[in-house]
Amino acid sequence: MFTLKYLLRRLGFSVFVLVGALVLTFFVSHVIPSNPAALYAGARPRPEQVAEIEKKLGLDKPLHQQFYLYVSELLEGNLGESYHSRRSINTDLSIFLPATLELVIAAVLIALLLGIPVGVLAGAWPRSPFDYATRLVAIAGVSVPSFWLALIAQFIFFSQLDLLPLGSRISRDATLFYPVTAQTGFYLIDAAISGNWKAWADALHHLILPALVLAAYPLGITIRMIQTSMLEALSETYITSARAAGLSRRVILFKLALKNAIMPALTVVGLSFAYSITGAFLVETIFSWPGVGKYVTEAVLNVDFPVIIAVTLVVTVVYIFVNLVVDLLQSLLDPRVRLA
Amino acid sequence: MRARVEVGSTLWYLLRDRVALFSLAFLILVALAAVFAPLLTPYAAQGMGDPDLAAKFRSPSIEHPFGTDGLGRDQVARLMFGARRSLSMGVFVVVAAIAIGAPLGTIAGYLGGWVDEVLMRITDIFLAFPPLLLAIAIAAALGASYINALAAIAATWWPWYARLARSQTLSLRERAYIEAARSIGVRDRVIIMRHIFPNIMTPIVVQGTLDVGTAILVAAGLSFIGLGTQAPYADWGVMISDGRLFFLSGRWWLSTFPGLAIFFTAMAFNFLGDGVRVAADPRLRRIQS
Numbered sequence: 001m002f003t004l005k006y007l008l009r010r011l012g013f014s015v016f017v018l019v020g021a022l023v024l025t026f027f028v029s030h031v032i033p034s035n036p037a038a039l040y041a042g043a044r045p046r047p048e049q050v051a052e053i054e055k056k057l058g059l060d061k062p063l064h065q066q067f068y069l070y071v072s073e074l075l076e077g078n079l080g081e082s083y084h085s086r087r088s089i090n091t092d093l094s095i096f097l098p099a100t101l102e103l104v105i106a107a108v109l110i111a112l113l114l115g116i117p118v119g120v121l122a123g124a125w126p127r128s129p130f131d132y133a134t135r136l137v138a139i140a141g142v143s144v145p146s147f148w149l150a151l152i153a154q155f156i157f158f159s160q161l162d163l164l165p166l167g168s169r170i171s172r173d174a175t176l177f178y179p180v181t182a183q184t185g186f187y188l189i190d191a192a193i194s195g196n197w198k199a200w201a202d203a204l205h206h207l208i209l210p211a212l213v214l215a216a217y218p219l220g221i222t223i224r225m226i227q228t229s230m231l232e233a234l235s236e237t238y239i240t241s242a243r244a245a246g247l248s249r250r251v252i253l254f255k256l257a258l259k260n261a262i263m264p265a266l267t268v269v270g271l272s273f274a275y276s277i278t279g280a281f282l283v284e285t286i287f288s289w290p291g292v293g294k295y296v297t298e299a300v301l302n303v304d305f306p307v308i309i310a311v312t313l314v315v316t317v318v319y320i321f322v323n324l325v326v327d328l329l330q331s332l333l334d335p336r337v338r339l340a
Numbered sequence: 341m342r343a344r345v346e347v348g349s350t351l352w353y354l355l356r357d358r359v360a361l362f363s364l365a366f367l368i369l370v371a372l373a374a375v376f377a378p379l380l381t382p383y384a385a386q387g388m389g390d391p392d393l394a395a396k397f398r399s400p401s402i403e404h405p406f407g408t409d410g411l412g413r414d415q416v417a418r419l420m421f422g423a424r425r426s427l428s429m430g431v432f433v434v435v436a437a438i439a440i441g442a443p444l445g446t447i448a449g450y451l452g453g454w455v456d457e458v459l460m461r462i463t464d465i466f467l468a469f470p471p472l473l474l475a476i477a478i479a480a481a482l483g484a485s486y487i488n489a490l491a492a493i494a495a496t497w498w499p500w501y502a503r504l505a506r507s508q509t510l511s512l513r514e515r516a517y518i519e520a521a522r523s524i525g526v527r528d529r530v531i532i533m534r535h536i537f538p539n540i541m542t543p544i545v546v547q548g549t550l551d552v553g554t555a556i557l558v559a560a561g562l563s564f565i566g567l568g569t570q571a572p573y574a575d576w577g578v579m580i581s582d583g584r585l586f587f588l589s590g591r592w593w594l595s596t597f598p599g600l601a602i603f604f605t606a607m608a609f610n611f612l613g614d615g616v617r618v619a620a621d622p623r624l625r626r627i628q629s
């Protein structure tokens, strides 16, 4: 059966890039730096600290043995220890990763739910005012620096209008009077499970602004891709023949063209996810959002290299997984993918 | 000969695209302001980073149209000197990425076989990382500076051009004139340099133009988290970062103007790139205009 063959091949590919990502991060952390031990020891290390880390990473040994050490630590599920806080990176990430994912998923949802219909309509009405306005919005979305947009959004919605909170995931009142019991780490899910609707509303209130800011870039990408594929679908010969056969405009647009134009929608999911993650690295600090982005930004300030490498690896693993799911879904919907 | 005709009609078409032309004019103005910054502003020393504490935190006025920062530096001068770094970073990242990616992709596409397989699997690995994240790790490994940020971004960007060059080469390889050249014994090197490379450059340049804006955004992002240009110099990302703590407490001019500078510049590159893309593709010309 084609599906099984495709599934195995696609899984094999994910395993391959996973191993490749391990090699590449090893290269970045052990080969590129002139003195990896000093980097791992953080800002202004003492000589004996450097010596200790040299021993731990096996830096006096040949590269393949260093790589073996690097991978075996990771396979034991040990991401190491933050130089700065001396806390285990595993513990830190188990708190920060869900926070970021909650934000990123919200942004992806906004980008898709808004971007797909807008892109379809813009493609269906080329050269209309709506088309031009949409193109402007799409280009603005991929041109605006997310961290700057975050500041402007705070200025408007917090300072001026006082509609939305300045930052953080939940208000202090909520943590004191109706705390969320952590289960999944996603506040909206945790609060809903325990029926803590006051906290749920509070968390949602805090989520809106950062999610909207993060959605700007993927929204621009989504609109452009869907619009382009709609235009292309409309210029196909089968549309011309449908027109010649006298089919109504509505049938042509929404029955024939849309079906083919919507195919890239799943590709857009993967891309939106990637760009929202990227945005999160820059925007979380501004919104005091306690996620991996803020974690990495602080690690950069503190020259906390183990954290930077661990986050790079973990977020990449998540990204590889998302791409796998997207591709498998696409093969379910579009037989051409699994036959290719 | 064929390639030259295409460039001619592309340029002709582009000249009729008002949005693209306006964007180009804007970018030329920004570039001129960057190059001639020392002549254009009376505050050149402040633009390069010297403090003038007597003039700190001035709000916008005729003397300082965009105000001054916490060290009394005129923001217009700062922006013009910052343009040198932000613009050059965006352009150099793309140029470096093309310089690495295009030859590799062309060779992979032309030779095929295991060379192709190996090179493409390497690009797969690079593209498995979310954009920016790998650049952050590499920049942190190299140490924070302008040149290291440039290297880090280019190192994560070349696979896109390798793939583009490869797919273009693949479609050319089967053309009759390449086959004819091969059958009369023209060496591979000559075929690649003379017949393939010139013909695949159009789509690569189009993509490159579109990418400069994104490269400026990514570079500003690295600078914003402290991995790019270091004090006393500034680029636009650094300026937003410097102004951020004062932004909500009334000193709005600090982050606003560098942000607008990035925004408009990236937008201009996107409009220009779009214009070039449509102009260079007869099929798109028909659909889009």
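Going down the list, the sequences are from chains A and B. Numbering-wise (the numbering used here), the first sequence opens with residue 1 and increments by one. Numbering-wise (the numbering used here), the second sequence opens with residue 341 and increments by one. All C-beta atoms, glycine included, are put in the ideal place defined by N, C-alpha and C.
For chain A, the residues of the segment 454 to 485 of chain B that bring a beta carbon within less than 9 angstroms of one of its beta carbons are ARG461, ILE462, ASP464, ILE465, PHE466, LEU467, ALA468, PHE469, PRO470, PRO471, LEU472, LEU473, LEU474, ILE476, ALA477, ILE478, ALA479, ALA480, ALA481, LEU482, GLY483 and ALA484, in chain order.
Bridge pairing for A:GLU81: A:SER88 [DSSP]. A direct Cα-to-Cα measurement between B:ILE478 and A:LEU63 gives close to 19 angstroms.
Residue-level contact by beta carbon fails for B:LEU355 and chain A, as no gap is shorter than 9 angstroms. With a minimum length of 4 residues, the unbroken runs of alpha helix (DSSP H) contained wholly in the segment 447 to 523 of chain B fall at 453 to 467, 473 to 482, 486 to 513 and 516 to 523. The DSSP assignment places 258 to 261, 265 to 283 and 292 to 301 as complete runs of the alpha helix (DSSP H) inside the segment 249 to 323 of chain A, in order along the chain (cut-off: 4 residues).
Bridge pairing for B:ASP551: absent [DSSP].
For B:ALA437, not one C-beta of chain A is nearer than 9 angstroms to its own C-beta.
With contacts defined as CB atoms closer than 9 angstroms, B:PRO471 and B:VAL558 qualify as a contacting pair.
Within the segment 590 to 602 of chain B, the residues whose Cβ lies closer than 9 angstroms to any Cβ of chain A are, in chain order, TRP592, SER595, THR596, PRO598, GLY599, LEU600 and ILE602.
Here B:ASP414 is bridged, per DSSP, to B:THR408. Rounded to whole angstroms, the separation of the alpha carbons of A:VAL322 and A:VAL269 is 9 angstroms. When the beta-carbon positions are compared, A:ALA21 and B:ALA468 come within less than 9 angstroms of each other. With contacts defined by Cβ atoms closer than 9 angstroms, B:VAL370 and B:ALA571 do not form a contacting pair.
Counting only the Cα atoms, B:ARG461 lies some 33 angstroms from A:ILE110. Excluding residues up to 5 positions away in sequence, ARG169, ILE170, ALA174, VAL180, TYR187, LEU188 and ALA191 lie with their Cβ nearer than 8 angstroms to the Cβ of A:ALA203 in the same chain. The CB of A:VAL296 comes closer than 7 angstroms to the CB of ILE476 in chain B, given here in chain order. In the structure shown, B:VAL526 falls within a coil segment according to DSSP collapsed to helix, strand and coil. Within chain B, the residues placing a beta-carbon under 9 angstroms from that of A:TYR319 are ALA468, PHE469, PRO470 and LEU473, ordered along the chain. Comparing C-alpha distances from A:GLN65 to each of A:VAL325, A:VAL23 and A:GLY42 shows the shortest one belongs to A:VAL23. Spanning the alpha carbons of A:ILE221 and A:SER276 requires a straight line of approximately 11 angstroms.
Taking CB atoms only, A:LEU39 has a neighbour in chain B less than 9 angstroms away. Listed along chain A is no residue with a C-beta nearer than 8 angstroms to that of B:LEU510; the closest approach is about 15 angstroms.
In the three-state scheme derived from DSSP, where H, G and I count as helix and E and B as strand, B:GLN570 is classed as coil. The alpha-carbon separation between A:VAL17 and A:ASN78 amounts to approximately 20 angstroms. Counting other Cβ atoms within 10 Å of its Cβ, A:ALA310 reaches 16 or more and is therefore classed as buried. In chain order, LEU266, VAL269 and GLY270 place their CB closer than 6 angstroms to the CB of A:VAL326, counting only its own chain and leaving out the 5 sequence neighbours on each side. Taking the beta carbon of A:VAL144 as reference, the chain B residues within 9 angstroms of it are LEU557, GLY599, ILE602, PHE603, ALA606 and MET607, listed in sequence order. Identification of residues in the segment 559 to 573 of chain B having a C-beta nearer than 8 angstroms to some C-beta of chain A yields ALA560, GLY561, PHE564, ILE565, GLY566 and LEU567, given in sequence order. At least 9 angstroms separates the CB of B:ILE544 from every CB of chain A. With respect to the 9 angstroms criterion, A:ALA133 and A:PRO218 are not classified as neighbours on the basis of their beta carbons. Against B:GLY553, the close residues of chain A are SER143, in the order they occur along the chain (beta-carbon pairs closer than 7 angstroms).
Within its own chain, the residues whose Cβ lies closer than 8 angstroms to the Cβ of B:THR350, once the five positions on either side in sequence are excluded, are THR542, VAL616, ALA619 and ALA620, listed in chain order.
Rounded to the nearest whole angstrom, the C-alpha separation of B:GLY412 and A:PRO129 is 45 angstroms. Taking a contact as a CB-CB distance under 8 angstroms, the pair A:LEU214 and A:LEU114 does not count as one, their CB atoms being some 13 angstroms apart. In the three-state reduction of the DSSP assignment, A:THR181 falls in the coil class.
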